[in-house]
Amino acid sequence: MDDFQRIYGPWALVTGASSGIGRAVSHELAARKLNLVVVSRRQRLLDTLKKELEHRYGIEVRTLGIDLTKPGAIEEIDRSTQDIIIGLVVPAAGVAEAAEFTGTTLARHTGMAHLNMIVPMQLIHVFANKMAKRKRGGVLLVSSLFGYQGIPYVANYAATKAYVLTLGEALHFELKKHGIDVSVLAPGLTDTDMPANLPLNFSKLPMFYQSPWKVARTGIRALGKKATVVSGLINKFYAWQNRLVPRSLPVSLFGFLIKRSFKTPAALRGGNT
Ligand SMILES: NC(=O)c1ccc[n+]([C@@H]2O[C@H](COP(=O)([O-])OP(=O)(O)OC[C@H]3O[C@@H](n4cnc5c(N)ncnc54)[C@H](OP(=O)(O)O)[C@@H]3O)[C@@H](O)[C@H]2O)c1
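In our numbering, the protein residues as written are 40 to 312.
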């Protein structure tokens, strides 16, 4: 058994495992010989993932096809993992909305805030308590480069990612004494369903796609070493220089750039009537 397995094994819990970054993280962890509990709504995709991972890496995979925003979801995860030891939690499930703040329904704003902020916080609370008793474990949170400043037209999404960033930074310090490594991965634009489904033309923004595989590896490598890690050199530079300028500057710049990248004026106005 290597160090990674000893500290973060024998099981890892990954939410948002059916696609994108969560799916890539699941592959990377399976390659490091952790058994996995994979969570998302689309059971069929989780079943395919289970087959792939068990066949390719010889590990054990449990699937949980649930909507994490529904009441009782966290309790269900807790209940169905009572008989195994979860050494690593990766709450990667997330959604994004892009439109004028008032153009997105309150229900969608609230659902996004719940999935992106409340669910990771609750999962950390449940599993960090158990990890602390064993004096080892890890949490890999998924924030975003968008979490480094306010971003008009994706205001609530960016704010949820700022929450994840600061929660993780603080817990990196606080949980260290219990032997728990907390790191926050902040991806830039990543080639997944999330940006593909947004009504934005990303070619009009000064951003470059990274593969979810590269992003996943960057996050996993940061575990036990860094409080936060930004994926990609250009993104790293962006996050760094952001600290040197007045906060209002990147906010206005993003406001201008994002507004003009909407595919249609109707998309900018959103679906709230
Ligand atoms: N892609 C980017 O450019 C980018 C950049 C920065 C940060 N991120 C962050 O990376 C994380 C992963 O996003 P991604 O890019 O990989 O997007 P993605 O491919 O759309 O993956 C999102 C995942 O979340 C799951 N999910 C969504 N709603 C859920 C719910 N109510 N209950 C349970 N699972 C749910 C989805 O599965 P089901 O549909 O099967 O439920 C899916 O597995 C997110 O937290 C996102 O904010 C992405």
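Glycine included, every Cβ here is placed at the ideal spot set by N, Cα and C.
Here the structure is a predicted model, which means the values were calculated and not measured.
(message) Using a 10 Å radius around the Cβ and a threshold of 16 neighbouring Cβ atoms, would you call LEU75 buried or exposed?
(response) buried
(request) Measure the C-alpha to C-alpha separation of ALA137 and ILE259 and round it to an integer number of angstroms. (result) 28 Å
(message) Between the alpha carbons of PRO304 and LEU92, how many angstroms are there, rounded?
(response) 43 Å
(message) On the DSSP letters alone, give me the boundaries of the beta strand (DSSP E) that VAL269 sits inside.
(response) 267 to 269
(message) If contacts are defined as beta-carbon pairs under 8 Å, then PHE274 and LYS200 qualify, I think. What distance do you get, rounded to the angstrom?
(response) Correcting the residue type first, residue 274 is Asn in the shown sequence and not Phe. With a Cβ gap of about 13 Å, ASN274 and LYS200 do not count as contacting.
(message) If distances are taken between C-alpha atoms only, which option among ARG45, SER65, ASP41 and GLN44 comes closest to LYS253?
(response) SER65
(request) Put PRO304 into one of helix, strand or coil per three-state DSSP. (result) helix
(request) Determine, using beta-carbon pairs with one atom in the region 108 to 125 and one in the region 82 to 89, whether at least three such pairs fall under 8 Å. (result) no
(request) Could you have a look at ILE105 and say whether DSSP puts it in helix, strand or coil? (result) coil
(request) Determine the DSSP secondary structure at ARG286, reduced to helix, strand or coil. (result) coil
(request) Over the uninterrupted beta strand (DSSP E) stretch that includes ILE219, give me the two end residues. (result) 219 to 225
(request) Report buried or exposed for ILE125, applying the criterion of at least 16 other Cβ atoms within 10 angstroms of its Cβ. (result) buried
(message) If the criterion is Cβ atoms closer than 8 Å, does the pair ILE163 and VAL134 meet it?
(response) no
(message) Counting C-beta neighbours from all protein chains within 10 Å, is the total for HIS211 16 or more, i.e. buried, or is it exposed?
(response) buried
(message) In the DSSP assignment, the beta strand (DSSP E) including ILE125 goes from what residue to what residue?
(response) 125 to 130
(request) Using 7 Å as the cut-off, classify the Cβ of ASP106 as near or not near the heavy atoms of ligand 1, replying yes or no. (result) yes
(request) Using the Cα positions of THR149 and GLY207, report the straight-line distance between them to the nearest angstrom. (result) 21 Å
(request) Mind checking who TRP252 pairs with in its DSSP beta bridge? (result) BP columns for TRP252 are empty, so no partner.
(request) Work out the CA separation of GLY310 and SER183 for me, nearest whole Å. (result) 25 Å
(request) Could you tell me the distance, in whole angstroms, from the CA atom of GLY271 to the CA atom of TYR248? (result) 10 Å
(message) Tell me which residue opens and which closes the alpha helix (DSSP H) that SER65 is part of.
(response) 59 to 70
(request) Report yes if the C-beta distance between LEU84 and TYR47 is below 8 Å; otherwise report no. (result) no
(message) Whole angstroms are fine: how far does the CA of LEU68 sit from the CA of ASP41?
(response) 13 Å
(request) List the endpoints of the continuous beta strand (DSSP E) containing ALA51. (result) 50 to 54
(request) Would you mind reading off the limits of the alpha helix (DSSP H) that contains VAL203? (result) 194 to 213
(message) Taking 7 Å as the limit between beta carbons, can you name the residues of its chain near ARG147, skipping five residues before and five after?
(response) GLU136
(message) If I measure Cβ to Cβ from ASN195 and keep anything under 7 Å in the same chain, skipping five residues before and after, which residues do I get?
(response) GLU136, PHE140, HIS148, MET151 and ALA152
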